[in-house]
Structures are given as C-alpha cells and as structure tokens.
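Engineer: Taking our numbering, I'd label the letters of the sequence shown as residues -11 to 308.
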Amino acid sequence: MWRRTKMKQKILSLAIIAASLNATTVLAGDPKVYGKANLSLNLTDDEGTDTTKLNSNASRFGIKGSFDASDSIKAIYKFEYETFIDDGDDGKDGSNSEFKQRNIYAGFQGGFGTIIAGNHDTPTKLAQGKIDRFNDLVLGDIKNVIQGENRAKNIIMYTTPKMNGLSATVAFVPGEEDDGDVTDGVSAAISYKANGYSFTVAHDDGETIDSSVESLTRLVGEYKGDGFKLGALYQVADEGSNDEDGFVLSGEYKLSNGLILKGQYAESDDETKEITQTAVGVDYKLGKKSKIFSYYAKVEADDGVTTDANTFALGYEIKF
-11 MWRRTKMKQK ILSLAIIAAS LNATTVLAGD PKVYGKANLS LNLTDDEGTD
39 TTKLNSNASR FGIKGSFDAS DSIKAIYKFE YETFIDDGDD GKDGSNSEFK
89 QRNIYAGFQG GFGTIIAGNH DTPTKLAQGK IDRFNDLVLG DIKNVIQGEN
139 RAKNIIMYTT PKMNGLSATV AFVPGEEDDG DVTDGVSAAI SYKANGYSFT
189 VAHDDGETID SSVESLTRLV GEYKGDGFKL GALYQVADEG SNDEDGFVLS
239 GEYKLSNGLI LKGQYAESDD ETKEITQTAV GVDYKLGKKS KIFSYYAKVE
289 ADDGVTTDAN TFALGYEIKF
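#1: Answer yes if the region 94 to 101 comes into contact with the region 259 to 268, meaning at least three C-beta pairs across the two stretches below 8 Å, and no otherwise.
#2: Considering only C-alpha positions, which residue in the set Thr40, Ala63, Glu70 and Asp34 is nearest to Tyr22?
#3: Report the three-state DSSP secondary structure of Lys52 (helix, strand or coil).
#4: On the three-state DSSP scale, how would you describe Leu127?
#5: Measure the C-alpha to C-alpha separation of Asn138 and Asn298 and round it to an integer number of angstroms.
#6: With three or more beta-carbon pairs closer than 8 Å as the criterion, would you say the region 27 to 34 touches the region 57 to 67?
#7: Per DSSP, which one or two residues make a beta bridge with Asp257?
#8: How long is the line joining the alpha carbons of Gln252 and Thr157, rounded to whole angstroms?
#9: Who are the Cβ neighbours of Lys273 in its own chain at under 7 Å, not counting the five residues just before and after it?
#10: Please classify Leu243: does DSSP put it in a helix, a strand, or coil?
#11: Does Thr13 pass the burial test, meaning 16 or more other C-beta atoms within 10 Å, or should it be called exposed?
#12: Expressed to the nearest angstrom, what Euclidean distance is found between the alpha-carbon atoms of Leu27 and Phe281?
#13: Using only the alpha-carbon positions, how far apart do Val224 and Asp193 sit?
#14: In its own chain, which residues sit with a C-beta less than 6 Å from the C-beta of Gly209, not counting the 5 before and 5 after it?
#15: Please work out which residues of its chain come closer than 7 Å, Cβ to Cβ, to Arg206, disregarding the five sequence neighbours upstream and downstream, and give them in chain order.
#16: Please tell me whether Val133 and Ile263 are closer than 7 Å, where the distance is taken between their beta carbons.
#17: Could you tell me the alpha carbon to alpha carbon distance between Ile197 and Ser44, rounded to whole angstroms?
#18: With a cut-off of 8 Å, do at least 3 Cβ pairs link the region 87 to 97 to the region 174 to 187?
#19: With distances taken between CB atoms, is the gap from Leu127 to Val287 smaller than 7 Å?
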C-alpha cells in the first residue's frame, strides 16, 4: 500500500510539473511531454537456470523544450526518467524506486554551439550512434560486453556547431571529492558525417566517469545505404591492472513488407576474461511510433571457466 501511494505521489508530481510548464508556454516556449513503453517477455537460460520474465526495457517519460533567452540564444532543458512499468521497481538497493534519472539537463544553444550541465550520456557513449541494434534489451545491449557505456552525473558538456559535416563534443566531470582520491573526468568526441557515412573518434579519461576504467579510446564507423545499415566499433580501455580490447559489428536490413532483420556480434578481452555476444532479431513496424519485435541473444564469458546465458524474447514498443 505504501509503495502504491508513493508511486501515485511521484506521478502526480510529474503531472504538476508538466501542467505548470504548459501553463507558461507564452513565457517559456512550448514544452513537449514525450516517452516510450518497451516491454518484452523473456525466456532466459542462465547457466541451466530457466526463468520467464516480463521486462521493462528502459521505458521512459520526459519533458523537454526551449525558449528564446535573447535574440540569438535559446535556453534549452530536458528532464527524462526511466519508469519500470513491468513491476514499478528498479530492482536495486531494495528501494523500490519507480523512477530513475536518465538524461537531465539545462543549458543554452546558439551560433556558438550548445552547452549543457546535468546528468547525461558522455560523448564516448554517444559515439556509438546506432550500431547497438539491441540497445537496452536483456543480454542484447553492448554494455554486457564492453566498457564505455556511461551516463555521468555533474557533467558539463559543450558541442560545436556542425561545419562541413564535422562536429565535436567535449565534457568535463568534476570529481567532487575532498580527499582527491577520485580524479576529474574528461570525455571528448569528434565526428564526421557525409553521404551516408559517419566516423567518430572518442576518448574518456578519469575515474570519475567510470571507477573501473582509467582511460578509454573508441573508434566508430557507420554506413546507411538503400534499405540497410552497417556499423563497426573498436575500442581500447585501460583498466589499471589490465587492458581491454573490444569490438562490435552490427547490421540491419529492411524488407519490403516492413520487417527489419537485425544482427550483432561483439567481443571483449581484458587479459583475464573474454566475453562474446551474439544477437539476432526482427522488428515489424506497426506505424511511425509503434513496433513489435523478437530477438535471441547469447553472452558467453571465459575466465578459465566458461559461463553463458541466453534469452529469447517477444515484445513491443510504443512511443508518444
């Protein structure tokens, strides 16, 4: 009963915020309420233990918008939360949290570029683009295999305007520790996009971004053709006592009947453990904002003893 009351209070708070923003449209632009529900029924085999579970895959709710701060500068903002619509629980710390912060920021945008501060994906994480064909899905997300998929707190991030296909993003993440044990973090990326091709080089430095990684360099390439997409990622991470090499290869092909076939292979090796991931799937678009999907993913780890987990899932996604 307490959990239900707490959840209603949080939903009411978000609704009040949305209503307040809409009430000040004339003064503060046109706020947009948006989100998506992504649910899948997963049949998972983890080392011989079979489970059947309904999963909420990064379902979310957010408010974003902008307004003219001056003749040449826009104020921008975004408040996005993950919501666990399967059981109303994030499953961590016994806190029964119904909402979890995702990308939340406020900042300014103009001819100089964009600057924001808050809680946000690092430039290195953003560098992956769309190559993670099974993003947010159980055992399908590349975070199951490689380092670098970080969303940093207290981040200050600047993105340049696009110039002849080139753009750059740099972020600073203060350590905010009195004893100095945690160093400040820096994440940066340079991208080039033209004629269906995109290339990105990214680098992270500092344990504030990820306490298990001292530095990381990532190279990403993508190509979008007529009805198909290909992507590749390679990276090297310094984990202190070990170095991790990792890569991802992925692709998708759109059939004339609306089906999209997807495949992905990823691998990492940090001298003590080798991890591989294989995933295949199919999406069927019901419309611009909804789809049903099915996929199979397997993650295998070998650190002298081989362990593996695999899952088969059927799900749907609705955006608003």
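Glycine included, each C-beta is placed from N, C-alpha and C at the ideal position.
As the structure is a computational prediction, the values presented were derived from the model and not from experiment.
Structural biologist: Taking the definition as stated:
#1: no
#2: For this step, residue 22 is matched to residue 34 along the sequence shown. For Tyr22, the nearest C-alpha among the options comes from Glu70.
#3: Taking the sequence shown and counting its residues from 1, the one referred to as residue 52 is at position 64. Strand, per DSSP.
#4: Sequence index remark: in the sequence shown, residue 127 carries index 139 (1-based). Of the three classes helix, strand and coil, the one that applies to Leu127 here is coil, per DSSP.
#5: Within the sequence shown, residue 138 is the residue found at index 150, counting from 1. Within the sequence shown, residue 298 is the residue found at index 310, counting from 1. Straight-line Cα distance between these residues: approximately 24 Å.
#6: no
#7: Along the sequence shown, read from residue 1 onward, the residue named residue 257 stands at position 269. Its beta-bridge partners are Asp233 and Glu262.
#8: Translated into positions along the sequence shown, residue 252 becomes position 264. Translated into positions along the sequence shown, residue 157 becomes position 169. Cα to Cα, the separation comes out at about 27 Å.
#9: Stepping through the sequence shown from its first residue, residue 273 is reached at position 285. Cβ contact annotation for Lys273 (same chain, cutoff 7 Å, sequence separation greater than five): Gly246 and Lys279, in chain order.
#10: To locate residue 243, count along the sequence shown from 1; it is residue 255. Coil at Leu243, not helix or strand.
#11: For this step, residue 13 is matched to residue 25 along the sequence shown. Residue confidence for Thr13 is low, a pLDDT of 44 falling below 50, so the modelled location carries little weight; the figure read from the coordinates is stated next. Exposed, by the Cβ-count rule.
#12: Your numbering for residue 27 matches position 39 in the sequence shown. Your numbering for residue 281 matches position 293 in the sequence shown. Spanning the two alpha carbons is a distance of roughly 10 Å.
#13: Counted from its first residue, the sequence shown places residue 224 at position 236. Counted from its first residue, the sequence shown places residue 193 at position 205. In a straight line, the C-alpha of Val224 is about 12 Å away from that of Asp193.
#14: For the purposes of this step, residue 209 is taken as residue 221 along the sequence shown, with counting starting at 1. Closer than 6 Å at Cβ, skipping near neighbours: Phe187 and Ala220.
#15: Residue numbering aside, residue 206 sits at position 218 when the sequence shown is read from its first letter. Excluding five sequence positions before and after Arg206, the CB atoms of its chain that fall closer than 7 Å to its own CB belong to Thr112, Ala115, Gly136, Ala190, Leu221 and Gln223, given in chain order.
#16: Within the sequence shown, residue 133 is the residue found at index 145, counting from 1. Within the sequence shown, residue 263 is the residue found at index 275, counting from 1. Yes, Cβ-Cβ distance for Val133 and Ile263 is below 7 Å.
#17: By one-based count along the sequence shown, residue 197 stands at place 209. By one-based count along the sequence shown, residue 44 stands at place 56. Using only the alpha carbons, I get a separation of about 26 Å.
#18: Segments in contact, no.
#19: As a working note, residue 127 is residue 139 in the sequence shown. As a working note, residue 287 is residue 299 in the sequence shown. Cβ atoms of Leu127 and Val287: closer than 7 Å.
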